[in-house]
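**Student:** Please read through the structure below; I'll follow up with questions.
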Amino acid sequence: MFPNEIVGVVSIEHVGIKREWTVDEISFAGRLAEQVTHVLINLERQRTQNAILKAYEELEGRVTELATLNRITQTISLTLEIDTILQLAAQEMTHLFKARSTGIALFQNDKTELIVAAYHTKEHGEPSAIGIKIPLENNPSTIYVMETHKSISIPDVQNNPLTEPIHDLMRERATQSLMIVPLLARGEILGTIGIDTDILEHDFTPDEVKLAETIAGQMANVIKNAYLFNETQNAKNERMQNDLIQAQKIQRNLLPSSHPKDNLPHQSRP
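If you count by my numbering, then the sequence shown holds residues 7 to 276, one letter each, in order.
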């Protein structure tokens, strides 16, 4: 709305005997129209301010997300240490989602259990969960993620059937909701990222799940590449070891079994 812009009209009707409006009545109607106009202008200003504030908050949130992704990407480019990369990701995701904690767990070869490879919590003094084994048996939420390759956001984890085996732990930690995201690389699930929050009545939104999946995708590729690198190095080392053994065998076959001097006739002293 702009000054001198007509935003509407005030219409006052009289039913009954024909009459003329007095100057005072017309003046009152004018003042009433001005007051209504001011109210409408203030409402429009408030809506505009709210829209600007919302847009600013969304922009600020997006900047934070991009900054987090940038820090993780930079770490990936600077080190090949998978433990360092995963630990940074757990730390950054805890801050990004205002979570209580974030754990990154990797499947073992037989895919019957996960082992926590990285963990970060906002709770000072809480023991690290790194190294803890998470069996798939009697673990419906993780089984769902493993079988479907899809993320899951679980509200009310203290009472939700999907988290029944850990209800007591969730109550002890005051956890309210939980998000589990698969680590997928080239169609293979390598592990999961678990993010929980103790904020009352806070459920992870679809946008938060999507963002976590973006980070998980980067992590999964790093993990897969690390696995392939280790396999290549192990195969190379094994091949070199075999080559060395073969070279030693050839060398032994080429060398005489005894020193030439050992074959000279024995001469007695005069």
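For each residue, glycine too, the CB sits at the ideal point set by N, CA and C.
Quick caveat: nothing in here was measured; it's all calculated off a predicted structure.
For residue 30, which three-state DSSP category applies?
**Tutor:** Helix.
**Student:** Alpha carbons only, please: which of 186, 129, 138 is nearest the one belonging to residue 153?
**Tutor:** Considering only alpha carbons, the answer is 186.
**Student:** Let me know the secondary structure DSSP gives residue 129 once reduced to three states.
**Tutor:** Residue state, collapsed to three classes: coil.
**Student:** Below 8 Å on the Cβ atoms is my guess for residue 103 versus residue 172; work out the distance and round it to an integer in Å.
**Tutor:** At roughly 19 Å, the Cβ-Cβ gap does not stay under 8 Å, so residue 103 and residue 172 are not in contact.
**Student:** Which same chain residues end up closer than 8 Å to residue 206 when comparing Cβ atoms and leaving out the 5 residues on each side of it in sequence?
**Tutor:** These residues qualify, in order along the chain: 182.
**Student:** If you drop the 5 nearest sequence neighbours on each side, which residues of the same chain put their C-beta closer than 7 Å to that of residue 228?
**Tutor:** Around residue 228: 82, 88, 91.
**Student:** Span of the beta strand (DSSP E) holding residue 190?
**Tutor:** Start and end: 183-191.
**Student:** For residue 235, is the classification buried or exposed, using 16 other Cβ atoms within 10 angstroms of its Cβ as the cut-off for buried?
**Tutor:** So residue 235 ends up on the exposed side.
**Student:** Do residue 189 and residue 203 have their beta-carbon atoms positioned less than 8 Å apart in this structure?
**Tutor:** No, the Cβ-Cβ distance between residue 203 and residue 189 is not below 8 Å.
**Student:** What is the C-beta distance between residue 169 and residue 147, in whole angstroms, given that I count them as a contact (C-beta under 8 Å)?
**Tutor:** Rounded, the Cβ-Cβ distance is 6 Å, consistent with contact.
**Student:** Quick one, which of 237, 165, 176, 96 has its alpha-carbon nearest residue 218's?
**Tutor:** Ranking the options by Cα distance to residue 218, first place goes to 96.
**Student:** How big is the Cα-Cα spacing for residue 106 and residue 59?
**Tutor:** Roughly 27 Å separates the two Cα atoms.
**Student:** DSSP beta-bridge partners for residue 202?
**Tutor:** Residue 202 is bridged to 107, 184.
**Student:** Would you kindly report the start and end of the unbroken beta strand (DSSP E) that includes residue 171?
**Tutor:** That residue, residue 171, is in no beta strand (DSSP E); it is neither H nor E in DSSP.
**Student:** So, is residue 246 buried or exposed, given that buried needs 16 or more other C-beta atoms within 10 angstroms?
**Tutor:** That one is exposed.
**Student:** I need the boundaries of the beta strand (DSSP E) containing residue 159, first residue and last residue.
**Tutor:** Start and end: 158-160.
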